[in-house]
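Heads up, the thing below is written out as structure tokens.
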Amino acid sequence: MNLENKITSVDQLPLSLTVSDISHILGISKQNAYNLCHSESFPSIQIGKRIIITKLAFIEWMKKPKNNIGV
1 MNLENKITSV
11 DQLPLSLTVS
21 DISHILGISK
31 QNAYNLCHSE
41 SFPSIQIGKR
51 IIITKLAFIE
61 WMKKPKNNIG
71 V
């Protein structure tokens, strides 16, 4: 899903997110989104060469108070 349009609610997010989606949502570069996805504290799933993040896991990660990983 292309998240170029403004997201105003988590209900508008798809069930699974891509690295590009995470980059757009968080307002970070795609490279920093890749770095984030490869960090231990981030709930990404790698399937072959593809990285996905479930909507629910991303929301839970965002709720955690200590997510400053310095990407």
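Just so you know, we're using UniProt numbering here: the sequence shown kicks off at 1 and counts up by one. Each residue gets a CB set at the ideal place from its N, CA and C atoms; glycine is no exception.
| Item | Value |
| --- | --- |
| Write down every uninterrupted run of the beta strand (DSSP E) in the stretch 6-52 whose length is 3 residues or greater and which is fully enclosed by it, in chain order. | 44-47 |
| Can you tell me the Cβ-Cβ gap for Ser-16 and Ile-53, rounded? I've got them flagged as a contact below 8 angstroms. | 7 angstroms |
| Let me confirm a value: Asp-21 is counted as buried when at least 16 other C-beta atoms fall within 10 Å, else exposed. Which label applies? | buried |
| Beta-carbon within less than 6 angstroms of Ser-23's beta-carbon, same chain only, minus the 5 sequence neighbours each way: which residues are those? | Lys-30 and Ala-33 |
| Please confirm whether Ser-23 has its beta-carbon closer than 8 angstroms to some beta-carbon of chain B. | In summary, chain B is missing from the structure at hand, where a single protein chain is found. |
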